[in-house]
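Notes follow once the structure below has been shown.
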Ligand code: 5GP
Ligand code: MN
């Protein structure tokens, strides 16, 4: 594990940086990118931020100057090859960058990974990966604090606050500690308005998003043992409502809010496969369940993507595995 001193040294000794994050970026992904960008800009570095997907509309307020670019191989592969340092945020498997993966495997630039997920792939030269952190945004906060004499600005504080707020489920998940609240307090002291951040992210959905949620809730079902609640979102649902893929973010949490439920699963039909989101309570380590399907994540929140599979067939298989998994965990 690399410490902040080494990362500082790598930043000081290089001048061109390429920042990226995972497919379907969330507020922790975008927020960490923007805060790190501000830090590097303050140090007069040249920085490109490029993601596999465009920024979801409810996170655009974190990037008012539209600095984050959507990946196009013909434009960005050269920049990837030419950048001295590549920083991967909120991911620790290179396949989480989907179409960008090939160019990252080719480049000889220094690869740094800053993340809070378990069981990383060893693709990077340096890593600061710590699952004790609430979010990657919190890691960026500590990194900035390690630059003695550097001022934490509003432009850094706003995206970090958004990252922490969303990855802790608005300050209610396990990693919500007194220390984290102290950091959040410092972010508010920089001028961050929590009402504004909440309203931007959770209070201004398009009509189509809420209509899609209606279809997802309509599909809500329980398995035989009534320990798993699951829902589906199909391409037809997207077409009927005019919603986009990013609109599905967060739906799975409704499954887990059913009394007595141990695991929530969302099956989301992609253009070319199925994305599955797992959520659990307590010691049911859904990252291990997701790993059976080549996915990963955190103990209580994980996911995977399966390609060239049919939604209903894969649902049966995953539900069977999930049921077995719960009983194996209970027996321990
Ligand atoms: P979500 O269900 O919200 O998309 O993802 C929850 C968590 O699961 C994410 O924070 C991420 O760590 C993990 N995750 C989601 N999809 C994948 C995937 O395809 N591969 C891996 N390795 N992890 C995933
Ligand atoms: Mn995160």
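Residue numbers (the numbering used here): 900 to 1231. Built from N, CA and C at the ideal position, the CB exists for glycine as well.
- Message: I need the boundaries of the beta strand (DSSP E) containing residue 1012, first residue and last residue.
- Response: 1009-1014
- Go ahead and pull the three-state DSSP assignment for residue 1135. helix
- Item | residue 954 Cβ short of 6 Å to the ligand MN heavy atom set | no
- Query: With respect to 6 Å, is the separation between the Cβ of residue 1034 and the closest non-hydrogen atom of the ligand MN below this value?
  - Reply: yes
- Hey, residue 1155 and residue 1178: beta-carbon distance below 7 Å or not? yes
- So what does DSSP say about residue 1129, is it helix, strand or coil? strand
- Task: Could you tell me whether the region 1034-1053 touches the region 1002-1009, using the rule of 3 or more Cβ pairs below 8 Å?
- Result: no
- Query: Quick one: is the Cβ of residue 1066 within less than 6 Å of any heavy atom of the ligand MN?
  - Reply: yes
- Tell me the start and end of each unbroken beta strand (DSSP E) in the region 972-997 that is at least 3 residues and wholly inside, in chain order. 984-988
- Within its chain, find whatever has a CB closer than 6 Å to the CB of residue 968; leave out the 5 residues flanking it on each side and keep chain order. 949
- Message: At a threshold of 6 Å, does residue 1098 count as lining the ligand MN (C-beta to nearest heavy atom)?
- Response: no
- Query: If we count Cβ pairs, one from each stretch, closer than 8 Å, do we get three or more for the region 951-959 versus the region 975-994?
  - Reply: no
- Query: Cβ of residue 976 within 6 Å of any heavy atom in the ligand FAD?
  - Reply: Only the ligand 5GP and the ligand MN can be found as ligands here, which leaves the ligand FAD out of the picture.
- Sorted by chain position, which residues of the same chain lie with C-beta nearer than 7 Å to residue 1237's C-beta, five sequence neighbours on each side aside? The requested residue 1237 is not part of the displayed model; the chain covers only 900 to 1231.
- Message: Taking 6 Å as the cut-off, is the C-beta of residue 989 nearer than that to any heavy atom in the ligand MN?
- Response: yes
- Task: Enumerate in chain order the residues of its own chain whose CB-to-CB distance from residue 1203 is below 7 Å, with the five nearest sequence positions on each side excluded.
- Result: 1175, 1189, 1192, 1193, 1194
- Three-way DSSP call (helix, strand, coil) for residue 1162 in this model: strand
- Item | Segment contact, 8 Å Cβ cut-off, at least three pairs: the region 1075-1093 with the region 983-997 | no
- Query: Rounded to whole angstroms, how far is the Cβ of residue 939 from the Cβ of residue 910, which I believe are closer than 8 Å?
  - Reply: 7 Å
- Going by Cα to Cα distance, which pick from 1060, 1021, 1098, 1034 is closest to residue 1015? 1034
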